[in-house]
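**Student:** Mind having a look at this structure? Questions to follow.
Protein chains: 2
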Amino acid sequence: MEQNKDKLNSIEKALVTLLAFQENQQTWGVRELGTHLDLNPATVQRILQTLKSFRFIDQDPKTRQYRLGNIFYRFLNTLQSTYPVSKAALPFMKELQSKTQETVHLNVIEDMDRVCVENIESPQNLRASMPIGSRSPLYAGASSKCLLAFSSDEFIESYLSFKKLTPVTENTISNVTRLRTEIAETRVQGFAISMGERTPGLGSLSAPILDHKGVLLASISLAIPEIRFNNSDHLNFCRQELIKATRSCSETRGYHHT
Amino acid sequence: MEQNKDKLNSIEKALVTLLAFQENQQTWGVRELGTHLDLNPATVQRILQTLKSFRFIDQDPKTRQYRLGNIFYRFLNTLQSTYPVSKAALPFMKELQSKTQETVHLNVIEDMDRVCVENIESPQNLRASMPIGSRSPLYAGASSKCLLAFSSDEFIESYLSFKKLTPVTENTISNVTRLRTEIAETRVQGFAISMGERTPGLGSLSAPILDHKGVLLASISLAIPEIRFNNSDHLNFCRQELIKATRSCSETRGYHHT
DNA sequence: AAACAATGTTCCGAATTGTGAAACAATATT
DNA sequence: AATATTGTTTCACAATTCGGAACATTGTTT
Chain A
731 MEQNKDKLNS IEKALVTLLA FQENQQTWGV RELGTHLDLN PATVQRILQT LKSFRFIDQD
791 PKTRQYRLGN IFYRFLNTLQ STYPVSKAAL PFMKELQSKT QETVHLNVIE DMDRVCVENI
851 ESPQNLRASM PIGSRSPLYA GASSKCLLAF SSDEFIESYL SFKKLTPVTE NTISNVTRLR
911 TEIAETRVQG FAISMGERTP GLGSLSAPIL DHKGVLLASI SLAIPEIRFN NSDHLNFCRQ
971 ELIKATRSCS ETRGYHHT
Chain B
731 MEQNKDKLNS IEKALVTLLA FQENQQTWGV RELGTHLDLN PATVQRILQT LKSFRFIDQD
791 PKTRQYRLGN IFYRFLNTLQ STYPVSKAAL PFMKELQSKT QETVHLNVIE DMDRVCVENI
851 ESPQNLRASM PIGSRSPLYA GASSKCLLAF SSDEFIESYL SFKKLTPVTE NTISNVTRLR
911 TEIAETRVQG FAISMGERTP GLGSLSAPIL DHKGVLLASI SLAIPEIRFN NSDHLNFCRQ
971 ELIKATRSCS ETRGYHHT
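Chains as they are written, first to last, in this note's numbering: chain A, 731 to 988; chain B, 731 to 988.
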C-alpha cells in the first residue's frame with residue numbers, strides 16, 4: 731500500500747476494505763481480509779469495528795464473519811435524487827415500456843463497466859430481467875456498446891488499449907478490431923443492437939442520452955426475448971420508439987439535433 | 731467529535747462525511763460541510779479528495795460542489811447477493827404478483843426506518859410504485875407496522891419510547907397508544923393493513939418472513955390502489971395469497987407454524 | 001473429553017500520519 | 001475592477017495509528 735501525500739492513508743484503507751465486499755466474495759474473516767489487502771489483522775480489525783459501528787459493515791453472529799451492512803440502501807436513494815438524468819429519463823422510459831411492452835432499463839458507465847441504474851419490466855409473461863445495480867463489461871451487449879460508442883475518444887482509446895476482452899457468451903465480441911467497427915457503426919446509426927452477447931436468448935437495443943454539449947449522460951435500452959427480437963415488425967417499432975424517447979429526453983438536457 | 735479508543739477517528743470522519751449526502755441535501759461545498767460537521771475546511775478537503783479518488787464522491791466541475799459517486803450502485807449488487815432473504819423471497823414474490831396482479835415489495839428495518847430492498851411492479855395500468863431504497867418511518871404504512879409488530883419487544887419499547895410520531899399523511903397514526911393497539915392486532919392477525927397512511931390513494935397489506943427462531947427477517951407487502959383496495963373480494967384474495975407466500979417463504983428459513 | 005488449530009479481539013510502546021492556521025488560486029458577486 | 005467567497009495547498013506540531021504479542025473464543029481432530 732503506497733504512500734501518497736494527497737490521500738489519507740487510514741481512510742484509503744477503509745475504502746479498500748469496503749470494496750473487498752463484492753458479489754464474488756460477500757463475506758470475509760479478519761485474517762483472510764488482512765492477507766487479501768496485505769494489512770496486519772489488528773489494523774483490519776480496527777477498520778472493521780469502525781465500519782461496523784456506523785453499520786457500513788455487519789457481523790454475522792453465527793460465523794463471526796463480516797459482510798456489507800444494509801445502510802447502503804440509503805445511498806441508492808440519495809443517488810437517484812442526485813443525478814438528474816435518472817429523474818429526467820423515467821417518464822420517457824415509462825412511455826417506451828407502455829408502447830413496446832418490453833423491459834426498459836437505464837445504464838451508465840461506472841469504473842469501466844456498464845451498470846443499471848433504473849428499470850421498468852415488461853408486463854408480458856416472457857420478459858427480460860435487468861436488476862438495478864447489475865453490471866457488465868463495456869463490450870458485451872447493446873447498452874454497453876452504446877455507452878462506449880458515445881463516450882469521448884480519449885475514454886474509448888484508453889479503454890481499448892488496456893482492456894482484455896473476455897467473452898461473456900459465445901456471441902460476445904472478443905476482437906478489438908471488430909469492436910472498433912461496431913463502435914463506428916453505432917455512432918453513425920445512433921443506436922446499438924445485440925443478440926445473445928450478454929445473455930443467451932436475449933436481444934437488446936440501446937440509444938444514448940446526450941447533454942447540451944453532446945456529452946453522454948446515459949443510455950436507455952430495451953431488453954427483448956429472442957422470439958420477439960426475431961419479429962422484424964416488432965423490432966423496427968421498438969427501434970423507432972427508442973430513438974424517439976432518447977431524442978426527446980436528450981432535448982430536455984439541452985441537446986440539439988442537427 | 732468525541733474520542734473513542736475503539737474507533738479510528740479519521741475513518742469515522744470519512745463515514746460521517748458520506749452520511750451527510752442525503753436526499754434532502756445531495757451536494758455540499760467544502761466549507762459548508764466543514765461547518766455542518768464541525769471540522770476544519772482543510773480536513774474536509776482532504777477527506778473529500780480521498781473519497782473522490784475512490785469515486786465514493788464526485789465533484790461537479792461547474793459548481794465545484796461535491797456529490798455522491800456512482801460507485802454506490804456496486805454495493806447494491808453485493809447487498810442483494812449477501813442477504814439470503816432477498817434471494818429466498820424473490821420466487822414467492824413473483825408468484826404473488828402473478829396471482830394478484832399487484833405491486834409486490836420486500837422491506838427490512840434499517841436505522842429505525844423501513845427500507846425497500848426488492849420490488850416487482852404490477853402489470854396493470856393503474857399501479858403502485860415502490861422504488862428500491864425508498865424509506866419511511868416505522869409507523870406509516872402496512873409494511874412499517876408489520877416490521878415493527880414482529881420485531882423484538884426490546885426494539886419496540888426502545889422505538890416507542892424515543893420516537894416522535896410526525897404524521898406523513900392525514901391518515902397516519904400519530905398517537906402512541908393507538909400504535910400499540912395496532913401492533914397487538916397485527917401480531918394476532920399475522921398481517922398488517924393500511925389505507926392512505928403513507929401515500930394518499932394507496933393501500934397496502936404486509937406480512938412477515940420469520941426464521942427458525944421466529945425472528946423477523948423482512949416483510950412482503952402488496953401495494954394496492956384505493957379503487958381495487960375497496961373491492962373486498964380482491965382484497966381478501968390478496969390477503970390469502972400474501973399469507974400463503976410469506977408462510978411458504980418462512981418455512982424455507984426454518985420457521986415452523988404451530 | 002482433551003488437545004490442537006484457527007480465528008476474532010485487545011493491549012501498549014514505537015512509528016507514522018493527520019491536523020489546523022495561514023497563504024494561495026479560482027470563481028462568483030457587486 | 002474590486003471585493004467576497006470558495007476550493008486548494010503547505011508545513012510544523014500534535015495526535016493518532018500501527019503491528020507484534022498475548023488473550024479469548026470457536027472449530028476441528030484425535
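Just so you know, even glycine gets a beta-carbon here, dropped at the ideal spot from N, CA and C.
1) Quick check on G871(B): buried or exposed, where buried means 16 or more other Cβ atoms within 10 Å of its Cβ?
2) Kindly indicate the opening and closing residues of the beta strand (DSSP E) around I839(B).
3) Here's a check: name, in chain order, each residue in its chain whose Cβ is nearer than 8 Å to the Cβ of Q733(A), leaving out the five neighbours to either side.
4) Would you call the segment 786–795 of chain B in contact with the segment 750–764 of chain B, where contact means no fewer than 3 C-beta pairs closer than 8 Å?
5) If you drop the 5 nearest sequence neighbours on each side, which residues of the same chain put their C-beta closer than 6 Å to that of T747(A)?
6) Assign D845(B) to one of three DSSP states: helix, strand, or coil.
7) On the criterion of 16 or more Cβ atoms from any shown chain inside 10 Å, does E848(B) qualify as buried, or is it exposed?
8) Which residues in chain A sit within 7 Å of G984(B), going by Cβ to Cβ distance?
9) So, does the CB of G863(B) fall closer than 8 Å to a CB anywhere in chain A?
10) Can you list the beta strand (DSSP E) stretches of 3 or more residues lying completely in the segment 878–951 of chain B, in chain order?
11) Alpha carbon to alpha carbon, what distance is there between F892(A) and E971(A)?
12) Roughly how far, in whole angstroms, is the beta-carbon of I862(A) from the beta-carbon of I862(B), given that I think they are within contact range, below 8 Å?
13) According to DSSP, is L771(B) part of a helix, a strand, or is it coil?
14) Which residues does DSSP pair with P814(B) in a beta bridge?
15) Compare the C-beta of L806(B) against all C-beta atoms of chain A and say whether one is closer than 8 Å.
16) Could you say if the segment 830–845 of chain B and the segment 952–961 of chain B meet the contact criterion of at least three C-beta pairs nearer than 8 Å?
17) Any Cβ of chain B within less than 8 Å of the Cβ of P853(A)?
18) Straight-line CA distance for L856(B) to E956(B)?
19) Look up D788(B) in the DSSP assignment and give the residues it is bridged to.
20) Hey, is S783(A)'s beta-carbon within less than 8 Å of any beta-carbon in chain B?
21) Could you tell me if P930(A) is buried or exposed, where buried requires 16 or more neighbouring beta carbons within 10 angstroms of its beta carbon?
22) Please decide whether M731(B) counts as near chain A, where near means a Cβ-Cβ distance under 8 Å.
23) Output the boundary residues of the alpha helix (DSSP H) element that contains R969(B).
24) Where G933(B) and G799(B) are concerned, what is the direct C-alpha to C-alpha distance, given to the nearest angstrom?
25) Keeping to the same chain, check which residues put their C-beta closer than 7 Å to that of I973(A); ignore five residues upstream and five downstream.
26) So that I know if they touch, is there some Cβ in chain B lying closer than 8 Å to that of I939(A)?
27) Is it buried or exposed for A772(A), if we count other Cβ within 10 angstroms and need 16 for buried?
28) Please confirm if K694(A) has its CB atom under 8 Å from at least one CB of chain B.
29) Got a sec, what are the start and stop residues for the alpha helix (DSSP H) E958(B) sits in?
30) Decide if Q810(B) is buried, meaning its Cβ has at least 16 other Cβ atoms within 10 Å, or exposed.
31) The alpha helix (DSSP H) that contains S740(B), what's its start and end?
32) Confirm, please, whether the CB-CB distance from L947(B) to R983(B) is below 8 Å.
33) Helix, strand or coil for Q989(B)? Go by DSSP, reduced to three states.
34) Strictly under 8 Å for the Cβ-Cβ distance: is I990(A) near chain B by that measure?
35) Helix or strand or just coil, what does DSSP make of Q827(B)?
36) Helix, strand or coil for Y985(B)? Go by DSSP, reduced to three states.
**Tutor:** Inspection of the coordinates gives the following:
1) buried
2) 833–840
3) The pLDDT assigned to Q733(A) is 43, lower than 50, so where the model puts this residue is not dependable, and the model offers no usable value.
4) yes
5) Result list for T747(A): I777, in chain order.
6) Before going on, a small fix: residue 845(B) reads as Val here, not Asp. Of the three classes helix, strand and coil, the one that applies to V845(B) here is strand, per DSSP.
7) buried
8) Contact note: G984(B) does not reach chain A at a C-beta cutoff of 7 Å; the least C-beta distance is about 13 Å.
9) At least one CB of chain A lies nearer than 8 Å to the CB of G863(B).
10) The qualifying runs are 922–925, 932–940.
11) Distance between the alpha carbons of E971(A) and F892(A): 36 Å.
12) Indeed they touch by this definition, with Cβ atoms about 6 Å apart.
13) At residue 771(B) the sequence reads Pro, which differs from the Leu that was named. In this structure, P771(B) counts as helix in the three-state DSSP scheme.
14) In the DSSP assignment, no residue is bridged to P814(B).
15) yes
16) yes
17) yes
18) 10 Å
19) R797(B)
20) Taking Cβ atoms only, chain B reaches closer than 8 Å to S783(A), which makes this a yes.
21) exposed
22) Confidence in M731(B) is poor, its pLDDT being 40 and thus under 50, which makes the residue's placement unreliable; the coordinate value appears in the next sentence. With 8 Å as the cut-off, M731(B) does not count as an interface residue toward chain A.
23) 962–982
24) 35 Å
25) G920, F921, A937
26) no
27) exposed
28) Any answer about residue 694(A) is impossible in this case: the structure gives chain A only from 731 up to 988.
29) Strictly speaking, residue 958(B) in this sequence is Arg, with Glu absent from that position. Segment 956–959, the alpha helix (DSSP H) holding R958(B).
30) buried
31) 739–750
32) yes
33) Outside the shown range of chain B (731 to 988) lies residue 989(B), about which nothing can therefore be said.
34) The question about residue 990(A) has no answer, for chain A in this structure spans 731 to 988.
35) The DSSP-derived three-state label of Q827(B) is helix.
36) coil
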